[in-house]
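**Q**
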Amino acid sequence: MLRTLCRTGGLILQQTQRTVPRLCVNPVQQRWASSLPMNTVVLFVPQQEAWVVERMGRFHRILEPGLNFLIPILDRIRYVQSLKEIVIDVPEQSAVSLDNVTLQIDGVLYLRILDPFKASYGVEDPEYAVTQLAQTTMRSELGKLTLDKVFRERESLNSNIVHSINQASDEWGIRCLRYEIKDIHVPPRVKESMQMQVEAERKKRATVLESEGTREAAINVAEGRKQAQILASEGEKAEQINKAAGEAQAVLAKAEAKSKAIRMLSDALTEQNGNAAASLSVAEQYVSAFSNLAKESNTILLPSNTGDISGMVSQAMTIYSTLAKPSMRVTPEVLEENREEAANPSGSPQEKGINE
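Quick note: the sequence shown uses the numbering used here, first residue 12, plus one each step.
1. Suppose you measure from the CA of Ala211 to the CA of Asp181; what does that come to, to the nearest Å?
2. For Pro76 and Val107, I'd like the C-alpha separation in whole angstroms.
3. In the DSSP assignment, what residue or residues form a beta bridge with Asp86?
4. Pick out the complete alpha helix (DSSP H) segments inside the region 141-168, 4 residues or longer, and give them in chain order.
5. Could you work out which residue in Glu152, Val98, Gly118, Met67 is closest to His196 when comparing CA atoms only?
6. Hey, could you find the ends of the beta strand (DSSP E) Pro127 is sitting in?
7. Please report the distance separating the alpha-carbon of Glu96 from that of Leu47.
8. How many angstroms separate the CA atom of Tyr90 from the CA atom of Glu135?
9. Using three-state DSSP, classify Lys193 as helix, strand or coil.
10. Within 10 angstroms of the Cβ of Leu242, are there 16 or more other Cβ atoms? Answer buried if so, exposed if not.
11. My assumption, with CB atoms under 8 Å, is that Pro137 sits in contact with Trp62. Please give the rounded CB distance.
12. What number of angstroms, rounded off, separates the C-alpha of Leu276 from the C-alpha of Glu282?
13. So for Leu94, helix, strand or coil by DSSP?
14. Assess contact between the region 138-156 and the region 213-226, defined as three or more Cβ pairs (one per stretch) separated by less than 8 Å. Is contact present?
15. Does the Cβ-Cβ distance between Ile185 and Ala145 come in under 8 Å?
16. Report buried or exposed for Arg87, applying the criterion of at least 16 other Cβ atoms within 10 angstroms of its Cβ.
17. Based on Cα-Cα distance, which residue from Gln92, Glu60, Asp159, Leu74 lies nearest to Asn50?
18. To the nearest angstrom, how far is the alpha carbon of Pro38 from that of Val209?
19. Would you mind giving the Cβ-Cβ distance between Ser93 and Gln59, rounded to the nearest angstrom? I have them listed as a contact below 8 Å.
20. I need the DSSP call for Ser46, collapsed to helix, strand or coil.
21. Would Val53 and Phe80 qualify as a contact pair, given that the criterion is a beta-carbon distance under 8 Å?
22. What is the residue span of the beta strand (DSSP E) that Asp181 lies within?
23. State the beta-bridge partners of Ser105 as determined by DSSP.
24. Using 8 Å as the limit for Cβ to Cβ distance, is Ala61 near chain D?
25. Look at Gly154 and Leu109 and say whether their C-beta atoms are less than 8 Å apart.
26. If distances are taken between C-alpha atoms only, which option among Gln143, Gln178, Glu234 comes closest to Val101?
27. Starting from Val56, trace the beta strand (DSSP E) both ways and give me its first and last residue.
28. In whole angstroms, what is the alpha-carbon distance linking Val7 and Glu221?
29. Going straight from the alpha carbon of Val219 to that of Val161, what length do you get?
30. Look at Ile124 and Glu152 and say whether their C-beta atoms are less than 8 Å apart.
31. What's the gap between the Cα of Leu114 and the Cα of Ser204?
32. Return helix, strand or coil for Leu81, following the three-state DSSP convention.
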């Protein structure tokens, strides 16, 4: 009996060593896959791991974390799958963009096993399959974009790669969570041309900004001149209005003063001896007018009896007396008679009586 058990244990150990999948041999995947445990009847499954059990070479069940029991010889643990998020470093690869520029791109792939049964029996090497799928999808997606859009639409490129990987990996029980591009290497000549393009773009922006500043400065100067002219015209207009108003007020004031003077003069003439005072004033003005004739003009018209001062005064008084009579209408004939009388003061008394 003991010999039979020993033989059985040896056979199980040999089969276990022969059936170790390539997953565990790969040094990269030793981070997330454990080695196949032996069937010791009583097994303790760690958290976030799924053990696929075969009974007599056929899938039997998946062991949950915790305490589990298996039948010796009949049951065998064939696959161990980690349910944690797995990080796969996608190797650097070359891709050609839409404008025929060769790029060297590498990335990082984040995935998780959702169905241990599909991950075990759907594909031989899940990591290798997903890595190859990510590389081919990246090449196809980069071929749809130009070089400039590769840098601008990096996020959309990552999402397209994730969507394409998930469509193909559903049958493998694997879910791609994220894909991130780490580095994009551009050929040296293309890199130099890109730098020249950036410098030219910056110079263009500087020129445009300088021209816009010059234009705004010219606009501001023109607007300032316009406002200055408007303010100056408004000031001149206000000045003319004020000057006209002042002149109007001055004319009104002069007219009122003259009216008051005439009114006072008429009142003074109604008083006693007013006519004598008026006669004296008229005589003085008449004599003063003759004295100023030579000052205002070179042409002088003088009466024939300029040297007879008394006659001139008598003529002025006669004119005033004629104007002073309110009831008597002054006509040209009367004025002519008064002028003749003033011009011939030495006439005979008979002629004076006839004229009267």
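For each residue, glycine too, the CB sits at the ideal point set by N, CA and C. Just so we're clear, the structure is a prediction, and the values are computed from it rather than from any experiment.
**A** The relevant details are as follows:
1. Just so you know, the alpha carbons of Ala211 and Asp181 end up roughly 48 Å apart.
2. Take the alpha-carbon of Pro76 and the one of Val107: they are about 47 Å apart.
3. By DSSP's assignment, Asp86 forms a beta bridge with Arg66.
4. Listed in chain order, they are 158-163.
5. Selected option, being the one with the closest Cα: Gly118.
6. In the DSSP annotation of this structure, Pro127 is not part of any beta strand (DSSP E); the continuous alpha helix (DSSP H) holding it starts and ends at 127-132.
7. So the two alpha carbons sit approximately 20 Å from each other.
8. Each residue's Cα considered, the two are about 11 Å apart.
9. In this structure, Lys193 counts as strand in the three-state DSSP scheme.
10. Result: exposed.
11. The Cβ separation is near 16 Å, so there is no contact.
12. So the two alpha carbons sit approximately 10 Å from each other.
13. In the structure shown, the three-state DSSP call for Leu94 is coil.
14. The region 138-156 vs the region 213-226: no contact.
15. Cβ distance not < 8 Å, so Ile185 and Ala145 don't count as in contact.
16. Sixteen is the threshold: when 16 or more other Cβ atoms of the shown chains lie within 10 Å of the Cβ of Arg87, as they do, the residue is buried.
17. Relative to the Cα of Asn50, the nearest Cα in the group Gln92, Glu60, Asp159, Leu74 belongs to Leu74.
18. Reliability fails at Pro38, whose pLDDT of 39 lies under 50, so the model's placement of it is uncertain and no value is given.
19. That pair is a contact at about 7 Å.
20. Residue state for Ser46 is assigned as coil, using DSSP reduced to three classes.
21. Yes, these two residues count as a Cβ contact at 8 Å.
22. Here Asp181 belongs to no beta strand (DSSP E), and DSSP marks it neither H nor E.
23. Listed as beta-bridge partners of Ser105 by DSSP are Gln115.
24. Chain labels in this structure do not include chain D; a single protein chain is all it has.
25. Taking 8 Å as the cut-off, the Cβ atoms of Gly154 and Leu109 count as close.
26. Out of Gln143, Gln178, Glu234, the CA that lies nearest to the CA of Val101 is found in Gln143.
27. Val56: member of the beta strand (DSSP E) spanning 53-56, first to last residue.
28. Within the shown structure, residues of the chain are numbered from 12 to 367, placing residue 7 beyond reach of any answer.
29. Distance between the alpha carbons of Val219 and Val161 is about 28 Å.
30. No. Outside cutoff.
31. Just so you know, the alpha carbons of Leu114 and Ser204 end up roughly 15 Å apart.
32. Three-state DSSP puts Leu81 in coil, outside helix and strand.
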